[in-house]
Amino acid sequence: MTITILENEDEGVIPQLKPATDRMLTRIKDVYLYILDNGTVTTDNLVEEFGITHRTVQRDLNVLEYNELITSPVRGKWTTTAKKVKLSS
1 MTITILENED
11 EGVIPQLKPA
21 TDRMLTRIKD
31 VYLYILDNGT
41 VTTDNLVEEF
51 GITHRTVQRD
61 LNVLEYNELI
71 TSPVRGKWTT
81 TAKKVKLSS
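Counted the way UniProt numbering counts, the sequence shown spans residues 1 to 89.
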């Protein structure tokens with residue numbers, strides 16, 4: 001999945017991402033694709049799969065939920081929504 005950053009209208013340049021921000025966006029994309037591929041997953045599944053803390057998983061899930069890409073039908077379980085996303089490599 002490609003994340004497109006629009007040009008900054010004031011400066012006319014694409015802002016440079018910090019390496020930590022780039023890693024976070026890549027991880028969030030990977031979490032989304034994992035949920036998409038596996039259907040409903042638990043928070044513990046994500047912790048084990050990605051080797052990150054529960055808190056980090058929760059932050060990533062909050063970003064995805066805020067953007068209406070995932071939903072939690074039952075506490076601690078997550079699945080993707082019907083919202084369309086453009087996947088590209």
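C-beta atoms are modelled at their ideal positions from N, C-alpha and C, and glycine is treated no differently.
Contact set for residue i: own chain, Cβ-Cβ below 8 Å, skip 5 residues either direction
i	result
residue 10	Caution is warranted here: a pLDDT of 49 is assigned to residue 10, below 50, making its placement in the model unreliable, and no coordinate value can be reported.
residue 47	53, 54, 57
residue 70	32, 35, 61, 64, 78, 79, 80, 81
residue 75	none
Contacts around residue i, its chain only, beta-carbon distance under 6 Å, and the 5 residues preceding and following it disregarded
i	result
residue 77	40, 42
Boundaries (first-last residue) of the beta strand (DSSP E) holding residue i
i	result
residue 40	First-last for residue 40: undefined, no H or E at that position.
Among the options, nearest to residue i - alpha-carbon criterion
i	options	result
residue 61	34, 28, 49	28
residue 67	83, 73, 24, 75	83
residue 87	30, 21, 24, 23	30
DSSP-derived helix/strand/coil call for residue i
i	result
residue 29	helix
residue 35	helix
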